[in-house]
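There are 2 protein chains.
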Amino acid sequence: MIKIVGVGPAKGYLTERAIKEIERAEVVYGSRRAVELAEKYIKGEKVTISKFDHETYRRIEEVGRKRRVVVLSTGDPMVSGLGKRIDGEVEPGISSVQLALARLKVDLTEVVVIDWHTDECMDDVLKAFEMGRDALILANSRSNVKKLSELANVVVLENLGYESERICENCEIKSDLVILFAKRR
Amino acid sequence: MIKIVGVGPAKGYLTERAIKEIERAEVVYGSRRAVELAEKYIKGEKVTISKFDHETYRRIEEVGRKRRVVVLSTGDPMVSGLGKRIDGEVEPGISSVQLALARLKVDLTEVVVIDWHTDECMDDVLKAFEMGRDALILANSRSNVKKLSELANVVVLENLGYESERICENCEIKSDLVILFAKRR
Numbered sequence: 001m002i003k004i005v006g007v008g009p010a011k012g013y014l015t016e017r018a019i020k021e022i023e024r025a026e027v028v029y030g031s032r033r034a035v036e037l038a039e040k041y042i043k044g045e046k047v048t049i050s051k052f053d054h055e056t057y058r059r060i061e062e063v064g065r066k067r068r069v070v071v072l073s074t075g076d077p078m079v080s081g082l083g084k085r086i087d088g089e090v091e092p093g094i095s096s097v098q099l100a101l102a103r104l105k106v107d108l109t110e111v112v113v114i115d116w117h118t119d120e121c122m123d124d125v126l127k128a129f130e131m132g133r134d135a136l137i138l139a140n141s142r143s144n145v146k147k148l149s150e151l152a153n154v155v156v157l158e159n160l161g162y163e164s165e166r167i168c169e170n171c172e173i174k175s176d177l178v179i180l181f182a183k184r185r
Numbered sequence: 186m187i188k189i190v191g192v193g194p195a196k197g198y199l200t201e202r203a204i205k206e207i208e209r210a211e212v213v214y215g216s217r218r219a220v221e222l223a224e225k226y227i228k229g230e231k232v233t234i235s236k237f238d239h240e241t242y243r244r245i246e247e248v249g250r251k252r253r254v255v256v257l258s259t260g261d262p263m264v265s266g267l268g269k270r271i272d273g274e275v276e277p278g279i280s281s282v283q284l285a286l287a288r289l290k291v292d293l294t295e296v297v298v299i300d301w302h303t304d305e306c307m308d309d310v311l312k313a314f315e316m317g318r319d320a321l322i323l324a325n326s327r328s329n330v331k332k333l334s335e336l337a338n339v340v341v342l343e344n345l346g347y348e349s350e351r352i353c354e355n356c357e358i359k360s361d362l363v364i365l366f367a368k369r370r
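Taken in order, these protein sequences are the chains called A and B.
Residue numbers for the first sequence follow this note's numbering, so the first one is 1 and each next one is one higher.
Residue numbers for the second sequence follow this note's numbering, so the first one is 186 and each next one is one higher.
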């Protein structure tokens, strides 16, 4: 049996249900960061995933046929997470999108959430604006804020939930844990 | 000081941070359902909110100037919740939107989340489709599924996280705890 468990964006965000699932697992898979966030509740075998590819996912599914497996996903498994990539039941976690909305005091129904790993990001931002919504963008340190700034006022939200959390307007991105809030002018 | 704390959609979804905030509060406000979900961690005074209006929110803010106040919000305070209505720091919670995505195995970046309490819902659904996205709609038992079915395949997701959870396609809504997934044809 496989449970894909969201561990939240930083320490302290595990839910009661997530903790129970982690404690009961015979094998726990996750990235280094995900394992760190869940560490104190892991009782079974601990396997750090370094390669996130099809082969790894199929191997985990194979183990899941015989043993009680938990796959940790930072944030929420259904926010650009592992939920769609591995066959298993999903246990939600707090995503960095939620922390961004909390800091900005913006409701989820006022934005469109966009994953900036495609060329269409600017198109999607414009479409969100046409809908009368702002855009919340899952980005990384290579994302071109300058280009986005031509279309919108941009708030950079980095390392949310960590001590190094940083929120600034029209500034440079310094971290890979980053969300951009593009607000229509 | 006021913290607006998300308590999740059902039992077991409180985060470690939310639990700490609830335990430390001198006064805890919330709807009957929200108080029920947090009950076992409340140590201070417990006040059930029955009227969700401007006056109530201002009174809570007044108390927050002198005492450590927690306002409970079912789900996440930034998903059609209390986060925007009360002045205070937001502590995220798991929303029913996340449970819906988990059950459907759909990513947040593939949908537009819409609050069906306006006439524009159908317009917004069509705009989501034009963006190439499906729509996830926060609805209630009075929402007109038939009308929506003319535009889309509709999955009804009710009482998510409860024993009475029910997921069915193009069926009638029986509960006020309901989310509709409108999938473009």
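Just so you know, even glycine gets a beta-carbon here, dropped at the ideal spot from N, CA and C.
- Any Cβ of chain A closer than 8 Å to the Cβ of Tyr198/B would place that residue at the interface, and such an atom is present.
- Of the candidates Asn159/A, Glu110/A, Glu150/A, the residue whose Cα lies closest to the Cα of Leu136/A is Glu110/A.
- Around Met122/A, no beta-carbon contact reaches into chain B at under 9 Å, the shortest distance being about 13 Å.
- Listed in chain order, the non-local C-beta contacts of Cys171/A below 6 Å within the same chain comprise Val156, local neighbours out to five positions each way being set aside.
- Contact check between the stretch 4-23 of chain A and the stretch 192-206 of chain B: three or more CB pairs, one atom from each, fall below 8 Å, which counts as touching.
- Proximity to Leu267/B across Gly346/B, Leu362/B, Val192/B, Ile352/B peaks at Val192/B, based on C-alpha coordinates.
- Under the criterion of beta carbons closer than 8 Å, Asn344/B and Glu350/B qualify as touching, at roughly 5 Å.
- Cys168/A sits in a strand when the DSSP states are folded into three classes.
- For the options Met131/A, Asp123/A, Cys121/A, the alpha carbon positioned closest to that of Asp309/B is the one of Met131/A.
- Within chain B, the residues Ile279, Gln283, Leu286, Ala287, Leu293 have their CB atoms less than 9 Å from the CB of Asp76/A, given in chain order.
- Proximity of chain B to Arg17/A at the Cβ level (cut-off 7 Å) is accounted for by Gly197, Tyr198, in chain order.
- In the three-state DSSP reduction, Leu151/A falls in the coil class, being neither helix nor strand.
- In chain B, no part has a C-beta under 8 Å from the C-beta of Met1/A; the shortest such distance is about 16 Å.
- With a threshold of 16 other beta carbon atoms within 10 Å, Asp319/B meets it and is buried.
- Not a single C-beta of chain A is nearer than 8 Å to the C-beta of Val256/B.
- Under the 8 Å criterion on CB atoms, Ser265/B is classed as interfacial with respect to chain A.
- Exclusion of the five residues before and after Arg67/A leaves Glu26, Val27 as the residues of its chain whose Cβ lies within less than 6 Å of its Cβ.
- Contact between Lys174/A and Ser141/A holds, with the beta-carbon distance rounding to 7 Å and staying under 8 Å.
- Here the C-alpha atom of Gly229/B lies approximately 9 Å from the C-alpha atom of Ile207/B.
- Considering only Leu365/B, Val298/B, Glu348/B, the residue with the shortest C-alpha distance to Ala313/B is Val298/B.
- Against chain A, the beta carbon of Asp238/B has no neighbour under 8 Å; the closest one sits roughly 18 Å away.
- Rounded to the nearest angstrom, the gap between the Cα atoms of Gly93/A and Val363/B is 20 Å.
- Per the coordinates, the alpha-carbon of Ser95/A lies some 20 Å from the alpha-carbon of Gly273/B.
- Annotation: Gly161/A to Phe366/B spans about 31 Å, alpha carbon to alpha carbon.
- Nearest to Ala337/B by alpha-carbon distance, out of Ile227/B, Arg370/B, Ala219/B, Leu293/B, is Arg370/B.
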